[in-house]
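A.B. asks: Shown below is the structure under consideration.
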Amino acid sequence: MSEDVITLKNVWKIFGDRAKEAMSAIEERGLSKPEVLEEFACVVGIADCSFEVKRGEIFCVMGLSGSGKSTMVRHLNRLIEPTAGSISVLGKDILSLSGDALREMRAKHIGMVFQHMALLPHRTVRDNVGFPLQVRGEPKSRRWEVSQHCLNMVNLDGYEDRFPRELSGGMQQRVGLARALASDPEVLLMDEPFSALDPLIRRQLQDQFMALSAELNKTTVFITHDLDEAIRIGNRIAIMKDGRIVQIGTPEQIVTDPADDYVRDFVEGISKLKLVFAHSIMEPIDAFKASNSDDLNSCPRAHHGTDLDQLIDIATTTEHPIVIQDDDNSDVGVITKSRLLKGIQGGKA
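Going by numbering that gives the first Met the number 0, 326 is the number at position 327 of the sequence shown; the sequence numbering is gapless.
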């Protein structure tokens, strides 16, 4: 995952009739969000946001209601026009595209899945899934072929001739995902697609989505207000507050090294057992040897990517410290029981 598929640079969105004036005042005087509202009757939706998303990455954007995450994702396919900044998707400047070029980009290259799927009630499941292809002028035989393939991918074969009202909420979300996949887009934008579902169904759809994403190598921006969901499915997470991105990092980085009290409050109740890995809590082997005379030859070995949960299992079988190895099976670190306990308690030793 090296190629940047999506790039945002210093993007602002200010809602209101005096948005341009407000933007100038922010640049000149550094006005805060409340000051912009008071002076210009404008609302700062997102403020100076920048990030890149790699090919094949699931990039989660999360925050509380009103943090700007849904406003953010709608900029990526230009459902919302920014007040300032630049946006590139698949190497194209989204803001410079003409109406026809933008429609083509949305139809062929960017799929979007909403929390409320807005399935067409008078169309069957098959026709709902094939609707993007109909818009593109594909023949019926092709639409049905693609619809069937996508429905198979989301485990809805056999429901092709049903109507949305005949499906459960989870099944309707699967239809929405199949519809987004029908045009085979390189980029998926998902705005809280599973948030209204029961926990068990939600987890099942998360599993299915992660498997599909890996299989199809889709680049995904996934919006959620649920940190557990973001940590479970995201390769990286951006946490937003008041329209700003306050931290971007891997789940491990977010949990073990929160940028401020806001992020710290978010991660306080999160279990670290599957999120913190040996490389984060180990003591470098040279430093350990300098202060200890212990013979490490009889110690158990573990890969530097072993998580806390697995390290605990290893530690219960021995009185020795655990020697950590790199990808070449070279010894690079040591985790003692006290260091392991500190890692469990605080995320890092």
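For every residue, glycine included, the Cβ atom is placed at its ideal position computed from N, Cα and C.
Which of the three DSSP states, helix, strand or coil, is assigned to Cys149?
C.D. replies: Sequence index remark: in the sequence shown, residue 149 carries index 150 (1-based). Helix at Cys149.
A.B. asks: Using a Cβ-Cβ cut-off of 7 Å (strictly less than) and excluding sequence neighbours within five positions of Val314, which residues of its own chain qualify?
C.D. replies: As a first step, residue 314 must be located in the sequence shown, where it is residue number 315. Per the sequence shown, residue 314 should be read as Ala rather than Val. Excluding positions up to five away in sequence, the list reads Ile321, Lys336, Leu339.
A.B. asks: Kindly indicate which residue of Val4, Thr305, His115 has the alpha-carbon position closest to the one of Ala195.
C.D. replies: The residue you call residue 195 lines up with position 196 of the sequence shown. Minimum Cα distance to Ala195 is reached at His115.
A.B. asks: Ignore the nearest five residues each way along the sequence and tell me which others in Phe14's own chain have a CB closer than 7 Å to its CB.
C.D. replies: As a working mapping, residue 14 is identified with position 15 in the sequence shown. So the list reads Cys41, Val42, Gly44, once near-sequence residues are dropped.
A.B. asks: Could you tell me which residues DSSP puts in a beta bridge with Lys12?
C.D. replies: On the sequence shown, residue 12 is found 13 positions in, with the first residue counted as 1. DSSP, once it has assigned bridges, lists Ile45 as partnering Lys12.
A.B. asks: Among Val72, Pro163, Glu51, Thr255, which one has its Cα closest to the Cα of Leu307?
C.D. replies: Residue 307 sits at position 308 when you count from the first residue of the sequence shown. If we check each option's Cα against that of Leu307, Thr255 comes out closest.
A.B. asks: Return the chain-ordered list of same chain residues with a C-beta closer than 8 Å to the C-beta of Lys273, the five sequence neighbours on each side being excluded.
C.D. replies: The sequence position of residue 273 within the sequence shown is 274, counting from 1. Only Asp306, Leu307, Asp308 meet the Cβ criterion.
A.B. asks: Only counting the same chain, and skipping five residues up and downstream in sequence, which positions put a Cβ closer than 6 Å to that of Ile232?
C.D. replies: Walking along the sequence shown from the start, residue 232 turns up at place 233. Excluding positions up to five away in sequence, the list reads Ile57, Gln205, Met209.
A.B. asks: If we define contact as Cβ-Cβ less than 8 Å, is Ile323 a contact residue for chain D?
C.D. replies: Reference to chain D is not applicable here, since this structure consists of a single protein chain.
A.B. asks: Can you tell me whether DSSP reads Ser87 as helix, strand or coil?
C.D. replies: On the sequence shown, position 88 is the one that residue 87 refers to. DSSP places Ser87 in strand when its eight states are reduced to three.
A.B. asks: What's the C-alpha gap between Ala237 and Ile230?
C.D. replies: Locating residue 237 in the sequence shown gives position 238, counting from the first residue. Locating residue 230 in the sequence shown gives position 231, counting from the first residue. One C-alpha to the other measures close to 11 Å.
A.B. asks: Can you confirm whether the region 176-188 touches the region 28-39 when touching is taken to mean that 3 or more C-beta pairs between the two stretches lie within less than 8 Å?
C.D. replies: In short, these stretches do not touch, since the Cβ pair count stays below three.
A.B. asks: State the Cα-Cα distance for the pair His172 and Arg235, rounded to the nearest angstrom.
C.D. replies: Residue mapping note: residue 172 aligns to position 173 of the sequence shown, counting from 1. Residue mapping note: residue 235 aligns to position 236 of the sequence shown, counting from 1. Per the sequence shown, the amino acid found at residue 172 is Gln instead of His. Using only the alpha carbons, I get a separation of about 24 Å.
A.B. asks: Would you tell me roughly how many angstroms separate the C-alpha atoms of Val72 and Phe265, rounded to the nearest one?
C.D. replies: In the sequence shown, counting from the first residue as 1, residue 72 sits at position 73. In the sequence shown, counting from the first residue as 1, residue 265 sits at position 266. Near 21 Å, if we compare the C-alpha coordinates of Phe265 and Val72.
A.B. asks: What are the boundary residues of the alpha helix (DSSP H) that His74 is part of?
C.D. replies: For the purposes of this step, residue 74 is taken as the residue at position 75 of the sequence shown. First-last of the alpha helix (DSSP H) with His74: 68-74.
A.B. asks: Are there three or more Cβ pairs, one per stretch, closer than 8 Å when the region 88-107 is compared with the region 148-166?
C.D. replies: The region 88-107, when compared against the region 148-166, does not touch it at the 8 Å Cβ threshold.
A.B. asks: Grab the span of the alpha helix (DSSP H) containing His278 for me, first residue to last.
C.D. replies: If you number the sequence shown from 1, residue 278 lands on position 279. Unbroken alpha helix (DSSP H) run through His278: 277-280.
A.B. asks: Which same chain residues, not among the five before or five after Ile222, have their C-beta less than 7 Å away from its C-beta?
C.D. replies: Walking along the sequence shown from the start, residue 222 turns up at place 223. Here the set comprises Val60, Lys68, Ser69, Val72, Met189, Asp190, Glu191.
A.B. asks: At the level of alpha carbons, what is the spacing between Met0 and Pro257?
C.D. replies: Stepping through the sequence shown from its first residue, residue 0 is reached at position 1. Stepping through the sequence shown from its first residue, residue 257 is reached at position 258. Confidence is the limiting factor: at Met0 the pLDDT is only 44, short of 50, which leaves the residue's position unreliable, though a coordinate-based value still follows. Taking the straight line from one Cα to the other gives about 24 Å.
A.B. asks: Here's the rule I'm using: 16 or more other beta-carbon atoms within 10 Å means buried, otherwise exposed. How should Lys8 be labelled?
C.D. replies: In the sequence shown, counting from the first residue as 1, residue 8 sits at position 9. By the neighbour-count rule (16 or more Cβ atoms within 10 Å), Lys8 is not buried but exposed.
A.B. asks: Comparing C-alpha positions only, which one of Glu251, Ser146, Leu118, Asn291 sits nearest to His319?
C.D. replies: Residue numbering aside, residue 319 sits at position 320 when the sequence shown is read from its first letter. The residue with the shortest Cα to Cα distance from His319 is Asn291.
A.B. asks: Out of His278, Thr317, Lys107, Asp285, state which residue places its alpha-carbon closest to the alpha-carbon of Ser297.
C.D. replies: The residue labelled residue 297 in the question sits at position 298 within the sequence shown. Of the listed residues, the one whose Cα sits closest to Ser297 is Thr317.
A.B. asks: My output table needs one value for Gln114: the three-state DSSP class, helix, strand or coil.
C.D. replies: In the sequence shown, counting from the first residue as 1, residue 114 sits at position 115. Here Gln114 sits in coil by DSSP.
A.B. asks: Would you mind working out which of Phe276, Val124, Val145, Asp241 sits nearest Met170, comparing C-alpha positions?
C.D. replies: Counted from its first residue, the sequence shown places residue 170 at position 171. The option with the nearest alpha carbon to Met170 is Val124.
A.B. asks: Could you tell me the alpha carbon to alpha carbon distance between Arg263 and Lys139, rounded to whole angstroms?
C.D. replies: Within the sequence shown, numbered from 1, the residue matching residue 263 stands at position 264. Within the sequence shown, numbered from 1, the residue matching residue 139 stands at position 140. The straight-line gap from Cα to Cα measures roughly 52 Å.
A.B. asks: Which one of Tyr158, Ile253, Arg142, Arg54 has the shortest CA to CA distance from Val186?
C.D. replies: Counting from one through the sequence shown, the residue named residue 186 turns up at place 187. Looking at the Cα atoms, Arg54 is the closest of the given residues.
A.B. asks: Which residues in the same chain have their Cβ closer than 7 Å to the Cβ of Ile79, if we skip the five residues on either side of it in sequence?
C.D. replies: As a first step, residue 79 is located in the sequence shown; it is residue number 80 there, counting from the start. Lys12, Thr70, Arg73, listed in sequence order.
A.B. asks: Using CA atoms only, rank isn't needed, just tell me which of Ile25, Phe193, Ser212 is closest to Phe113.
C.D. replies: For the purposes of this step, residue 113 is taken as residue 114 along the sequence shown, with counting starting at 1. If we check each option's Cα against that of Phe113, Phe193 comes out closest.
A.B. asks: Measuring CA to CA, which of Val245, Asp327, Ile280 is closest to Leu63?
C.D. replies: Here residue 63 refers to the residue found at position 64 when the sequence shown is read from its first residue. It is Val245 whose Cα lies nearest to the Cα of Leu63.
A.B. asks: How long is the line joining the alpha carbons of Ile280 and Ala286, rounded to whole angstroms?
C.D. replies: Working through the sequence shown from its first residue, we reach residue 280 at position 281. Working through the sequence shown from its first residue, we reach residue 286 at position 287. Going by the C-alpha atoms only, they are around 13 Å apart.
A.B. asks: Span of the alpha helix (DSSP H) holding Asp325?
C.D. replies: Here residue 325 corresponds to residue number 326 of the sequence shown, with the count starting at 1. Segment: none, Asp325 is in no alpha helix (DSSP H) and carries neither H nor E.
A.B. asks: Is DSSP giving Ile93 helix, strand or coil here?
C.D. replies: Here residue 93 corresponds to residue number 94 of the sequence shown, with the count starting at 1. Three-state DSSP puts Ile93 in a helix.
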